[in-house]
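Residues 115 to 243 in my numbering are what the sequence shown spells out, letter by letter.
All residues carry an ideal CB built from backbone N, CA and C; glycine is no exception.
In what follows, a single structure is set out as structure tokens and then discussed.
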Amino acid sequence: MPPMDEAMHAFLQRYGRALSAGDLAGVVACWNLPALVVSDEGVQPVSAAAEVEAFFGGAIAWYRSQGMAATRPEDVRIVPLGRRVAAVDVTWSAQNAAGETVSTERSHYIVRLGEDGAPRVCVAVGVQE
Numbered sequence: 115m116p117p118m119d120e121a122m123h124a125f126l127q128r129y130g131r132a133l134s135a136g137d138l139a140g141v142v143a144c145w146n147l148p149a150l151v152v153s154d155e156g157v158q159p160v161s162a163a164a165e166v167e168a169f170f171g172g173a174i175a176w177y178r179s180q181g182m183a184a185t186r187p188e189d190v191r192i193v194p195l196g197r198r199v200a201a202v203d204v205t206w207s208a209q210n211a212a213g214e215t216v217s218t219e220r221s222h223y224i225v226r227l228g229e230d231g232a233p234r235v236c237v238a239v240g241v242q243e
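If you want it as structure tokens, here you go:
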């Protein structure tokens, strides 16, 4: 596996663990700030860690209220766009407490390797299917 792919797969695993654990500091560490979130509803700039924490705090609470206990990346596609930038498509599989998949959703990210070598989301796009 090419080094960029290895870094992105490890990043997605780390991001999924942080989301599953409700570790908001860990989620924030996966984002490059400022960043953009793009959806059919519009484009939202994200410039502060508190914005990431507020969004994902609410999202995690909602997912848990629906019986989802964990999420993991599946069906990952990585397209290098440069030495430190990649387009990443991923299906997030959400499991209940018994480990059964109860939901999936696709996301598209533009991820950049920072000066420290850590991948971070620069742009996130929810994919409607």
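Item	Value
Buried/exposed call for W176, threshold 16 Cβ in 10 Å	exposed
Rounded Cβ spacing between A209 and A173 (contact assumed at less than 8 Å)	In the sequence as presented, Ala is not what sits at residue 209; that position holds Gln. No, Q209 and A173 are not in contact; Cβ-Cβ is about 16 Å, not under 8 Å.
Cross-strand partners of R220 (DSSP beta bridge)	T205 and V241
Cβ pair S179, G240 closer than 8 Å	no
Those residues which DSSP pairs with W145 across a bridge	V235
G156, DSSP secondary structure in three states	strand
For A184, three-class secondary structure by DSSP	strand
L195, buried or exposed, once every other Cβ within 10 Å from all chains shown has been counted against 16	exposed
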